[in-house]
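Colleague: Just dropping this structure here.
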């Protein structure tokens, strides 16, 4: 499964959860939006942090979502890779293996200009 499919699965999951659990899902989405707003850190840098956390958490869906978010907010491939390597530094070999879906997501979303949702 590729990065675009993971992103589609994430969106489908949110829609499904919204239909059955609207209170909880809306609360999560509200918190996600509030935490993404730029205060001390810009949206770009928050997405770079999220990329590193997604690699550390070994969450392929999170990796796809936040690579796309980082690109959409102006991050470069090199910035995304550097952030990801911080996760590898802290989490070792298992985190290194999750650079595979990260590079796949970069390739997929860079190729389309990333703004397409």
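Residue numbers (this note's numbering): 1 to 117.
Ideal Cβ placement from N, Cα and C applies to all residues, glycine included.
1) Among 35, 74, 96 and 23, which residue has its Cα nearest to the Cα of residue 58?
2) Going by DSSP in three states, residue 42 sits in which element: helix, strand or coil?
3) Residue 82 to residue 88, Cα distance in whole Å?
4) Looking at residue 105 and residue 67, is the spacing between their C-beta atoms short of 7 Å?
5) Kindly provide the ranges of any alpha helix (DSSP H) runs that are 4 or more residues long and lie completely inside the segment 5-87, ordered along the chain.
6) On the three-state DSSP scale, how would you describe residue 112?
7) Answer with buried or exposed for residue 60, where buried requires no fewer than 16 other C-beta atoms within 10 angstroms of its C-beta.
8) What is the DSSP secondary structure of residue 93, counted as helix, strand or coil?
9) For residue 20, does the count of other Cβ atoms within 10 angstroms reach 16, so buried, or fall short, so exposed?
10) Measuring straight from C-alpha to C-alpha, what distance separates residue 13 and residue 55?
Modeller: Quick answer:
1) 96
2) coil
3) 10 Å
4) yes
5) 22-36, 43-57 and 60-72
6) coil
7) buried
8) helix
9) exposed
10) 20 Å
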